[in-house]
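One structure is given here, and the rest of the page talks about it.
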Amino acid sequence: MSATLLVAIATVGVFYMIKFLLAVKKYRRFCDLVKKFPQDPSHPFWGHLFQARLGDYARRDEYFEVYSTIKKFSFDVILKCAFSYDADCQREGDPHYYVQAVQSLSEMVSIRVLKPWLQSDFIYSLTAAGRKFFKTCRLVHKVADDVIRKRKQLLTIRPRRKNVLDFLDILLTAKDENGEGLTSEEIRDEVDTFLAAGEGTTASTISWTMYSLAQHPDIQATCQEEIDELFKGRETDEVLWEDLSRLPYLSMCIKEGLRLHSPIPFIYRQLSQDLELDGFIAPKGVIVCIALYNIHHNPKVWEDSLEFRPERFTEENMKSRSPYAFIPFSAGKRNCIGQNFAMDQMKLALARILHRFTLVLDPDHKVEKVEHITMSTKTGIKMKAIPRKPV
Numbered sequence: 145m146s147a148t149l150l151v152a153i154a155t156v157g158v159f160y161m162i163k164f165l166l167a168v169k170k171y172r173r174f175c176d177l178v179k180k181f182p183q184d185p186s187h188p189f190w191g192h193l194f195q196a197r198l199g200d201y202a203r204r205d206e207y208f209e210v211y212s213t214i215k216k217f218s219f220d221v222i223l224k225c226a227f228s229y230d231a232d233c234q235r236e237g238d239p240h241y242y243v244q245a246v247q248s249l250s251e252m253v254s255i256r257v258l259k260p261w262l263q264s265d266f267i268y269s270l271t272a273a274g275r276k277f278f279k280t281c282r283l284v285h286k287v288a289d290d291v292i293r294k295r296k297q298l299l300t301i302r303p304r305r306k307n308v309l310d311f312l313d314i315l316l317t318a319k320d321e322n323g324e325g326l327t328s329e330e331i332r333d334e335v336d337t338f339l340a341a342g343e344g345t346t347a348s349t350i351s352w353t354m355y356s357l358a359q360h361p362d363i364q365a366t367c368q369e370e371i372d373e374l375f376k377g378r379e380t381d382e383v384l385w386e387d388l389s390r391l392p393y394l395s396m397c398i399k400e401g402l403r404l405h406s407p408i409p410f411i412y413r414q415l416s417q418d419l420e421l422d423g424f425i426a427p428k429g430v431i432v433c434i435a436l437y438n439i440h441h442n443p444k445v446w447e448d449s450l451e452f453r454p455e456r457f458t459e460e461n462m463k464s465r466s467p468y469a470f471i472p473f474s475a476g477k478r479n480c481i482g483q484n485f486a487m488d489q490m491k492l493a494l495a496r497i498l499h500r501f502t503l504v505l506d507p508d509h510k511v512e513k514v515e516h517i518t519m520s521t522k523t524g525i526k527m528k529a530i531p532r533k534p535v
């Protein structure tokens with residue numbers, strides 16, 4: 145496959161990637177912990193506040209900004225699931241300070257990596273942008289420290305049973321083969337990673353999938369028919385764990401949203417051996433940038449790649465493609481450790497939204513993509529949620 149579609153050798157951002165890639169031992173240890181992470185997405189808490197908020201917009205018959213609304217929902221989800229922590233972001237005013245801080249950091253990092261002269265933390269800290277960056281980092285760290293502090297206090301009062309441990313409990317109590325636990329800094333790093341990654345990528349995917357479904361009323365209607373059939377005869381629209389495997393068409397729509405919009409536009413990797421690319425040798429040790437957006441729009445694989453076509457992900461069509469033609473969560477041993485959890489969360493959220501509402505875009509609002517660490521928007525995504533009666 146063409147190197148221009150797969151890999152662009154990164155000349156910027158090397159400082160940060162080297163620091164990450166050197167932490168191999170810590171990474172392996174973390175992966176062992178993640179295997180124990182409970183990943184049941186069917187907790188009823190997740191969608192109630194979000195649905196109520198959409199209901200408020202619907203009653204007022206007004207357009208709402210999707211991306212910021214979903215981000216707060218996603219932040220509540222990851223805090224509740226991984227840390228048993230009630231932040232109630234959706235109850236607070238717009239925008240929530242943590243969500244805004246993570247978005248600002250994403251934007252600042254995207255700008256900084258394109259300026260090699262700012263790769264030194266010391267030099268960067270002397271600039272106005274650098275001072276803002278490190279101040280925002282301290283705010284994000286404060287949230288993680290607060291979550292950890294409260295849990296430590298709780299554990300001293302009431303130890304948790306093994307069958308109800310969440311991810312933070314596992315981090316705080318885990319020991320390696322030598323009986324050593326994670327340091328306070330390591331625990332905070334993992335909490336920061338889970339909060340930022342768990343909130344940003346799923347929010348981007350849900351938002352862009354809602355956008356595409358609103359663009360294509362016929363596809364949206366097919367999703368709603370599938371969801372209505374699932375809930376037929378039930379008194380509530382609570383999504384059960386076993387329901388998540390019974391929404392194949394919705395799953396196809398989410399995968400097509402991941403392909404078309406590529407919520408993570410690019411990832412970095414360090415080569416463990418020399419790699420030949422179209423007659424050129426990329427030497428071992430070089431850090432490369434893999435442009436996922438380009439891979440997902442390769443015209444040799446994806447016909448009319450800018451079109452939203454969920455049928456690309458039928459079992460038959462998927463078998464005919466290389467497994468590396470679609471890698472929204474990366475691939476190999478360093479793929480996204482939360483991909484199953486993310487897919488389940490997205491199905492749960494979209495199933496409940498589409499069961500109760502029909503999505504309609506604001507025709508007077510122009511939507512423009514902006515590539516940061518996640519795929520964002522220049523001026524947001526605006527739409528209406530029109531109440532519907534399930535058939």
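Those letters in the sequence shown? Residues 145 to 535, per our numbering, in order.
Every residue gets a Cβ at the ideal spot worked out from N, C-alpha and C, and that includes glycine.
> Under 9 Å, do T337 and M490 count as touching if we go by C-beta distance?
Replying inline: Taking the first residue of the sequence shown as 1, we reach residue 337 at position 193. Taking the first residue of the sequence shown as 1, we reach residue 490 at position 346. Not a contact, by the Cβ cut-off of 9 Å.
> In three-state DSSP terms, what is I331?
Replying inline: Working through the sequence shown from its first residue, we reach residue 331 at position 187. For I331, the secondary structure class from DSSP, reduced to helix, strand or coil, is helix.
> Taking only runs of the beta strand (DSSP E) that begin and end inside the region 194–271, which ones reach a length of at least 3 residues, in chain order?
Replying inline: none
> Just the Cα atoms here: how many angstroms apart are D320 and E330?
Replying inline: Mapped onto the sequence shown, residue 320 falls at position 176. Mapped onto the sequence shown, residue 330 falls at position 186. Using only the alpha carbons, I get a separation of about 14 Å.
> In chain order, which continuous runs of the alpha helix (DSSP H) of length 4 or greater are located wholly inside the region 379–408?
Replying inline: 392–405
> Could you give the distance in angstroms between the alpha-carbon of G423 and the alpha-carbon of W261?
Replying inline: Counting from one through the sequence shown, the residue named residue 423 turns up at place 279. Counting from one through the sequence shown, the residue named residue 261 turns up at place 117. Rounded to whole angstroms, G423 to W261 spans 31 Å at the Cα level.
> To the nearest whole angstrom, what separates the beta carbons of T496 and D381, a pair I think is in contact under 8 Å?
Replying inline: One-based indexing of the sequence shown puts residue 496 at position 352. One-based indexing of the sequence shown puts residue 381 at position 237. Strictly speaking, residue 496 in this sequence is Arg, with Thr absent from that position. About 6 Å; that satisfies the 8 Å criterion.
>> Once DSSP output is grouped into helix, strand and coil, what is the label at F424?
In response: On the sequence shown, residue 424 is found 280 positions in, with the first residue counted as 1. F424 falls in the strand class under three-state DSSP.
>> At the level of alpha carbons, what is the spacing between D184 and W385?
In response: Walking along the sequence shown from the start, residue 184 turns up at place 40. Walking along the sequence shown from the start, residue 385 turns up at place 241. Any reading at D184 needs caution, since the residue's pLDDT is 47, under 50, leaving its predicted position unreliable; the model's value is listed next. Using only the alpha carbons, I get a separation of about 7 Å.
> Using DSSP with H/G/I as helix, E/B as strand and the rest coil, what is Q417?
Replying inline: In the sequence shown, the residue the question calls residue 417 occupies position 273. Of the three classes helix, strand and coil, the one that applies to Q417 here is coil, per DSSP.
> Quick one: Cα of F266 to Cα of A435, how far?
Replying inline: Against the sequence shown, residue 266 aligns to sequence position 122. Against the sequence shown, residue 435 aligns to sequence position 291. Their Cα atoms are separated by approximately 30 Å.
>> Quick check on DSSP: helix, strand or coil for L299?
In response: By 1-based counting over the sequence shown, the position of residue 299 is 155. It is helical.
> Under a three-way DSSP split, which group does I162 fall into?
Replying inline: On the sequence shown, position 18 is the one that residue 162 refers to. With a pLDDT of 32 at I162, under the threshold of 50, the predicted position of this residue should be treated as unreliable, though the coordinate-derived value follows. It is helical.
> Roughly how many angstroms separate the alpha carbons of E455 and L498, rounded to a whole number?
Replying inline: Within the sequence shown, the letter at position 311 stands for residue 455. Within the sequence shown, the letter at position 354 stands for residue 498. Looking at the two C-alpha atoms, the distance is approximately 19 Å.
> To which residues of the same chain is T213 closer than 7 Å at the C-beta, ignoring the five residues directly before and after it?
Replying inline: As a working mapping, residue 213 is identified with position 69 in the sequence shown. Excluding sequence neighbours, T213 sits near R197.
>> For R403 and T271, what's the separation of their Cα atoms in angstroms?
In response: Within the sequence shown, the letter at position 259 stands for residue 403. Within the sequence shown, the letter at position 127 stands for residue 271. Computed Cα separation, rounded: 37 Å.
> Tell me, which residues are paired with M519 by DSSP?
Replying inline: Taking the sequence shown and counting its residues from 1, one reaches residue 519 at position 375. DSSP, once it has assigned bridges, lists E515 as partnering M519.
> Between the Cα of Y393 and the Cα atoms of T458, G274, Y242 and G323, which residue gives the shortest distance?
Replying inline: Translated into the one-based positions of the sequence shown, residue 393 becomes position 249. Nearest C-alpha to Y393: T458.
> According to DSSP, which residues form a beta bridge with L503?
Replying inline: Locating residue 503 in the sequence shown gives position 359, where the first residue counts as 1. Answer by DSSP bridge pairing, in chain order: A529.
> L193 and Q234: beta carbons closer than 9 Å?
Replying inline: The sequence position of residue 193 within the sequence shown is 49, counting from 1. The sequence position of residue 234 within the sequence shown is 90, counting from 1. Against a cut-off of 9 Å, the Cβ pair of Q234 and L193 comes out as a contact.
> Taking just the CA atoms, how far does N322 sit from K170?
Replying inline: Residue mapping note: residue 170 aligns to position 26 of the sequence shown, counting from 1. Residue mapping note: residue 322 aligns to position 178 of the sequence shown, counting from 1. Note on K170: pLDDT 42, under 50, position unreliable in the model; the coordinate value appears next. Roughly 14 Å separates the two Cα atoms.
> Can you find at least 3 beta carbon pairs, one from the region 435–451 and one from the region 343–351, that sit closer than 8 Å?
Replying inline: no
> What residues match up with P472 in a beta bridge as DSSP calls it?
Replying inline: Translated into the one-based positions of the sequence shown, residue 472 becomes position 328. As DSSP reads the structure, P472 sits in a beta bridge with S474.
> Name the DSSP bridge partner or partners of I431?
Replying inline: Reading the sequence shown from its first residue, position 287 is the one you call residue 431. DSSP output for I431 lists Q414 as bridge partner(s).
>> Assuming the contact rule is C-beta atoms closer than 8 Å, T502 and I530 should be a hit. Round their C-beta distance to whole Å, please.
In response: Stepping through the sequence shown from its first residue, residue 502 is reached at position 358. Stepping through the sequence shown from its first residue, residue 530 is reached at position 386. Right, their Cβ atoms sit about 5 Å apart.
>> Here's the rule: buried if 16 or more other CB atoms are within 10 angstroms of the residue's CB, otherwise exposed. What is Y468?
In response: To locate residue 468, count along the sequence shown from 1; it is residue 324. Exposed, since its Cβ has fewer than 16 Cβ neighbours within 10 Å.
> Can you name, in chain order, every residue of its own chain whose Cβ lies under 6 Å from the Cβ of P407, other than the five neighbours on each side?
Replying inline: For this step, residue 407 is matched to residue 263 along the sequence shown. So the list reads T345, S348, T349, T518 and M519, once near-sequence residues are dropped.
>> If contacts are defined as beta-carbon pairs under 8 Å, then E343 and F219 qualify, I think. What distance do you get, rounded to the angstrom?
In response: Residue 343 sits at position 199 when you count from the first residue of the sequence shown. Residue 219 sits at position 75 when you count from the first residue of the sequence shown. The pair is a contact, with the Cβ atoms about 4 Å apart (cut-off 8 Å).
>> Rounded to the nearest angstrom, what separates K279 and R413 at their Cα positions?
In response: As a working mapping, residue 279 is identified with position 135 in the sequence shown. As a working mapping, residue 413 is identified with position 269 in the sequence shown. Straight-line measurement puts the Cα of R413 at about 28 Å from the Cα of K279.
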